[in-house]
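Residue numbers (my numbering): 151 to 218.
Each remark here refers to the structure printed beneath this line.
Set out below in structure tokens:
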């Protein structure tokens, strides 16, 4: 995902810990989209391969997202 953003394909919401080095090198620019500046909730898409089973962490995340 990070490499795709670095190649100019689009933008992504990623954990800060994954970005610090690349922001420091100047290959990525950090910004906060307007929709993330408010207290409103927003939708999240969860995508996985239909023919693969989810591991325990992904299963937990899926259940957590579906519950909220």
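Cβ coordinates follow ideal geometry from the N, Cα and C atoms, glycine included.
With a 10 Å radius around the Cβ and a threshold of 16 neighbouring Cβ atoms, residue 178 comes out buried. Of the candidates 169, 199 and 196, the residue whose Cα lies closest to the Cα of residue 181 is 169. The straight-line gap separating the alpha-carbon atoms of residue 171 and residue 199 is approximately 30 Å. Relative to the Cα of residue 176, the nearest Cα in the group 201, 157, 214 and 217 belongs to 157.
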